[in-house]
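In my numbering, the protein residues as written are 79 to 790.
Backbone N, C-alpha and C fix where the C-beta goes; we use that ideal spot for every residue, glycine too.
Notes to accompany the following structure.
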């Protein structure tokens, strides 16, 4: 099933049956569509696709085919109007809306064009949308015309394809065009060559310059080394616009130039013009003679006098440190003559404040590099030597200034680290990745501004320092942070983990163990009283008559949950409780399970002890004389203290069992540490031997070896 596409972005249109306004599902723009557009979707989509690809002539032909079948299609008139003015909708990153860009400016306002009037006449409920878009395009058109009128007239327009599609690689057409450009500019002609003429302009400013050149240049050179290059959208857009002016009666000439292709491969529209084979010997002279016959010999005396005067005014302003005014004069000079080396040199001087020596990072901007390149390209050999000498002196002095600044920052950084190291509190930060990266970046900036000849020794020293600093950080992370994968490092990582875990249990604060013992003793006491000792329930009923057996069972369940919670807390308190999974020897489930087993054993022991004490008291007759008093005394005082001391004995026994394991792990750690210290010492010695020149920059690294011996 065919779908109708958006004219601005190519998205699918959401069309309401019976209405002539559609909304794009992708960009949300509203636009006019034909009420029976479903029958012409394929033709419309093809036309819109070519227009969005800037193949305006093909798209215009398709829109005209639609109009040939039905002259009441307002959408076709509008699409044809967009093609005639070369309108491309470009996404504005700030507003998120698509704004019109004009690639085929005409002197006739878009609001006066017959296609616009016809589209407004035939449009129904979409008329406001068309008027709004047309007004915006008219504004863009007016701005371009205003800028183009200020441009100096061109003599020759070179039409060519600059780069191969999908790459930044230049075409053979571009190289040939530049040779022609150089030849014609030497003869005094003002030539439009996009690579040079548009080099310093923003993309939004291109059309004004192109429009001015197309309208002012009496001669267009269409260069082709491949048929596909001549028919590329932007190339075709230029020579078709120029051809339209010829068809309107303007006195202009097109000269097709070809190389490594047949002249019959040029499009039929250019077949009526005499083509010139640029691969022939003497073709360049023949071309310049042809242009001279058309334009006449260029009287460059007045033009050169104007350029010289502009350069002189720029020099005068430079002498008074009026940098911006001088820049304007030099800019006008190179606009008058693109081959004016003194103008390009003046632009470089004005932007660098007449080669003022100061900190400059970067040394030159992209524009300043371009000025120097043009200056070298167009200057004579004598001028070139003079410019190179002055520029070299400027570069050397600025490099020395930049070098001193960055070297000062590096030395300050290292001195700060040395003072921090002496304090003994910044071991981790000094060898961190971030600090090493910052230090290496400063050293790299110092290297970049070292003098090419005399700074070779310092450059090698700093490079060695970067390698040494980076290597020390790597050794620290490997042996101190235990980030390596070597067997010895892995062994220490495992043993130190076990050592830390058992030490945390052994060295647990006494109040933590005391709290756990008291809480577990109380829980066991109530569990026994409310669940196991049925004979004692009568005594409890006497004390709490409103507490029935069912409620007591819920109380028992609550205390069981409380016991579970405190055992979880105990497990979480131990480091590494989750490191061995759910069912490891030191996992959470194992900790809780062992605690419940111990509680069960204590409950049984508790029952036995209670039975024995009750038997002794019964035998002594104490209960017969004052049974209730001794009973409560036994349950509330004697038994809790017995349980408490039982837990205390258990705690002491448990730590006595752990102590041999701690000594065993410490012994293993000592053995592994000795091995790692030897390895680290060897690596540090090798690193020092390879980068001996950097040792003066850095401080002693024995603290890394000392840190290896610290238990993790």
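Task: Completely contained beta strand (DSSP E) runs for the stretch 174 to 230, where each covers 3 or more residues - done: 176 to 180
Task: beta strand (DSSP E) runs contained entirely in the stretch 300 to 358, provided each spans 3 or more residues - done: 331 to 336
Open item on the list: Taking 6 Å as the limit between beta carbons, can you name the residues of its chain near residue 193, skipping five residues before and five after?
Closed with: 155, 158 and 159
Open item on the list: Tell me the residue span of the beta strand (DSSP E) that contains residue 236.
Closed with: 234 to 237
- [ ] Work out the CA separation of residue 542 and residue 256 for me, nearest whole Å.
- [x] 46 Å
Task: residue 419 in three-state terms, based on DSSP - done: helix
Task: Cutoff 8 Å: residue 423 Cβ touching any chain C Cβ - done: You won't find chain C in this structure, because it holds only one protein chain.
Open item on the list: Is it buried or exposed, residue 748, if we count other Cβ atoms within 10 angstroms and call 16 or more buried?
Closed with: exposed
TODO: Taking only the alpha-carbon atoms, compute the straight-line gap between residue 304 and residue 141 and give it to the nearest angstrom.
DONE: 29 Å
Task: According to DSSP, residues forming a beta bridge with residue 165 - done: 180
Task: Spatial neighbours of residue 143 in its chain, beta-carbon cut-off 8 Å, leaving aside the 5 residues before and after - done: 121
Open item on the list: Relative to the C-alpha of residue 236, which candidate in 765, 275, 469 and 436 has its C-alpha closest?
Closed with: 275
Task: Cβ-based neighbour list, residue 269, same chain, cut-off 6 Å, excluding 5 preceding and 5 following - done: 234, 259, 262 and 263
Open item on the list: With distance defined between alpha-carbon atoms, name the residue in 196, 209, 177 and 296 nearest to residue 218.
Closed with: 177
- [ ] Work out the CA separation of residue 314 and residue 208 for me, nearest whole Å.
- [x] 28 Å
TODO: Spell out a yes or no on whether the stretch 359 to 367 and the stretch 314 to 325 are touching, meaning 3 or more CB-CB pairs, one atom from each, closer than 8 Å.
DONE: no
Open item on the list: If you measure between the beta carbons of residue 229 and residue 287, is that distance less than 8 Å?
Closed with: yes
- [ ] With DSSP collapsed to three states, give me the class of residue 270.
- [x] strand
Open item on the list: Taking only three categories from DSSP, how would you classify residue 295?
Closed with: coil
Open item on the list: Between the alpha carbons of residue 205 and residue 321, how many angstroms are there, rounded?
Closed with: 33 Å
Task: Beta-carbon proximity list for residue 409, same chain, < 7 Å, skipping 5 on both sides - done: 425
Open item on the list: Between the alpha carbons of residue 575 and residue 744, how many angstroms are there, rounded?
Closed with: 11 Å
Open item on the list: Less than 8 Å between C-beta atoms, sequence neighbours within five positions excluded: which residues of the same chain meet that for residue 389?
Closed with: 407, 408, 411, 418, 420, 421 and 424
TODO: Taking residue 438 and residue 480 to be in contact with their CB atoms under 8 Å, please state how far apart those CB atoms are, rounded to whole angstroms.
DONE: 7 Å
Task: Outcome for residue 279 when other beta-carbon atoms lying within 10 angstroms are tallied against a minimum of 16 - done: exposed
Open item on the list: Taking 8 Å as the threshold (C-beta atoms), are residue 226 and residue 272 in contact?
Closed with: no
Task: Rounded straight-line distance, which links the Cα of residue 285 to that of residue 127 - done: 22 Å
Open item on the list: Between which residues of its own chain and residue 393 is the CB-CB distance below 6 Å, once the five residues before and five after are set aside?
Closed with: none
TODO: Check the C-beta distance from residue 524 over to residue 746 and give it rounded, since I have them as a contact under 8 Å.
DONE: No, residue 524 and residue 746 are not in contact; Cβ-Cβ is about 46 Å, not under 8 Å.
TODO: State the start and end residues of the unbroken alpha helix (DSSP H) segment that holds residue 31.
DONE: The chain is shown from 79 up to 790; residue 31 falls before or after that span and cannot be answered.
TODO: State the Cα-Cα distance for the pair residue 752 and residue 475, rounded to the nearest angstrom.
DONE: 53 Å
- [ ] Go ahead and pull the three-state DSSP assignment for residue 252.
- [x] helix
- [ ] Enumerate in chain order the residues of its own chain whose CB-to-CB distance from residue 145 is below 8 Å, with the five nearest sequence positions on each side excluded.
- [x] 151, 154, 155 and 158
Open item on the list: So residue 521 and residue 488 are supposed to be a Cβ contact under 8 Å. How far apart are they, rounded?
Closed with: 6 Å
Task: Of the listed residues 191, 758, 197 and 137, nearest to residue 554 (C-alpha basis) - done: 758
TODO: Note the first and the last residue of the continuous alpha helix (DSSP H) segment covering residue 435.
DONE: Unbroken run through residue 435: none, as it is neither H nor E.
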